[in-house]
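For reference, the structure is listed below as structure tokens.
Numbering (the working numbering), first residue to last: 358 to 726.
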């Protein structure tokens, strides 16, 4: 992250504004900032999504062809209109429609975005892509960061989208600053902090689209204890799609999980099957975690996941390749395999036994990374 050129603050001329129409929405995802390789400034990797919301979510009795097709693809069919079970079906529909709408939104390509951090404007160099996502690296001076007070307070800075004059809306996202040293907690989502039942595809889709999200007991408290240590940050890494970020962030706030950065996966419904929503976690998770390792080369990492898919294997591989950087691995046991099983012996070969733990309940974990 710190080796590539970064976008400097806007200098001279009339203040720019983003190319955002009144019927379009912008999400700025929570990101991290890290010291540049030279140590003279900080680099922020801005990431966001611009889209036109799907028009069928405002109580319309005829949500349209796209929603109907999406319902069938997910496997829930049309909501019941009466009779036994209609109340349950109505409840499912209330959950389904806003979540499906994020997959059915019209992503806007070719949009130029301007953001403001700490009073400085940054015109992003690359427009939004076909999926509506835009990314750029922003350079903040050390004096600007000092003026923001984020290093002493531990609170994130706020990045805001600069809109045209007269547009009173507010689109903003947090920027979390990684100290040169400290602890970064990397957390999986599904079946680690949120009950999803990933191994059962029917249950996974129901828990994703039809039901309110449910927390894994005790995990929010475990992370809160860990975050009492100064310099600790949290990074949520999942192969789930970016379209789920808004309800996941609401879930995080409601359950008391610490704020942090998010690292989800690009997904376009028109390109992929719905059952591929959570596919191919290995490459995505490895790349996201290695970006953290590269951005802050002196920080230590704790990796938290579950046994439902490939977290033990992914984390064990990272621990072997980054000796000394991965100080602990915690795996929530959802498959019933004992810690001494052949799977864990293979996954954590050459990883010291005191650096990894398989647990069922959060209170089994004595946090001492």
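Glycine residues also receive a C-beta, built at the ideal position from the N, C-alpha and C atoms.
For residue i, the nearest candidate out of the options (CA to CA)
i	options	result
residue 710	549, 692, 702	702
residue 571	613, 466, 596	613
residue 398	430, 364, 464	364
residue 531	577, 384, 691, 466	384
residue 355	656, 604, 590, 527	There is simply no residue 355 to check, as the chain begins at 358 and stops at 726 in what is shown.
residue 695	682, 619, 664	664
residue 543	648, 468, 499	648
residue 485	596, 376, 550	376
residue 623	596, 605, 616	596
residue 537	394, 514, 717, 381	394
residue 466	505, 382, 700	382
residue 533	650, 616, 674	616
residue 539	652, 698, 400	652
residue 625	587, 475, 490	490
residue 559	605, 592, 432	432
residue 402	479, 448, 568	479
residue 666	658, 659, 642, 657	642
residue 378	390, 449, 469	469
residue 692	659, 512, 555	555
residue 504	527, 528, 525, 476	476
residue 449	644, 527, 510, 568	568
N-terminal and C-terminal residue of the alpha helix (DSSP H) that residue i is part of
i	result
residue 500	499-505
residue 648	638-652
residue 431	422-431
residue 612	602-612
residue 372	From DSSP, residue 372 is part of no alpha helix (DSSP H); its letter is neither H nor E.
residue 578	576-583
residue 676	668-678
Residue environment, residue i, which counts as buried when at least 16 other CB atoms sit within 10 Å
i	result
residue 719	buried
residue 541	buried
residue 680	exposed
residue 422	exposed
residue 368	exposed
residue 684	exposed
residue 392	buried
residue 557	exposed
residue 655	exposed
residue 638	buried
residue 372	exposed
residue 496	buried
residue 487	exposed
residue 673	buried
residue 438	Per-residue confidence for residue 438 stands at a pLDDT of 41, beneath the threshold of 50, marking its modelled position as unreliable; no derived number is given.
residue 723	exposed
residue 779	Not covered by the structure: residue 779. The range shown for the chain is 358 to 726.
residue 561	buried
residue 717	exposed
residue 699	exposed
residue 426	exposed
residue 416	With a pLDDT of only 45 at residue 416, under 50, the local geometry of the prediction cannot be trusted, and the value read off the model is given with reservation. With fewer than 16 Cβ atoms within 10 Å of its Cβ, residue 416 is classed as exposed.
residue 581	exposed
residue 380	exposed
Cβ neighbours of residue i in the same chain (closer than 8 Å, five flanking residues each side left out)
i	result
residue 374	471, 519, 520, 521, 522
residue 482	364, 493
residue 549	573, 576, 661, 662, 663, 668, 689
residue 362	494
Extent of the continuous beta strand (DSSP E) run through residue i
i	result
residue 541	540-544
residue 625	Residue 625 -> no beta strand (DSSP E), and no H or E assigned at all.
residue 382	382-385
residue 590	589-598
residue 558	No beta strand (DSSP E) holds residue 558; the alpha helix (DSSP H) holding it covers 558-566.
residue 662	657-663
residue 770	The question about residue 770 has no answer here: the residues shown for the chain are numbered 358 through 726.
residue 686	683-689
residue 478	477-480
Same chain, Cβ closer than 6 Å to residue i, five either side skipped, listed in chain order
i	result
residue 715	688, 690, 696
residue 713	686, 705
residue 599	621
residue 676	683, 708
residue 473	517, 519
residue 566	431, 453, 456
residue 553	547, 561, 564
residue 605	none
Spatial neighbours of residue i in its chain, beta-carbon cut-off 7 Å, leaving aside the 5 residues before and after
i	result
residue 386	404, 405, 530, 602, 619
residue 608	551, 570
residue 463	408, 409
Heavy atom of the ligand FMN within 6 Å of residue i beta-carbon
i	result
residue 382	Inclusion of the ligand FMN in the displayed structure is not the case, the ligand content being empty and no account of it being possible.
*Does the pairing of the stretch 392-412 with the stretch 458-476 give three or more beta-carbon distances under 8 Å?*
yes
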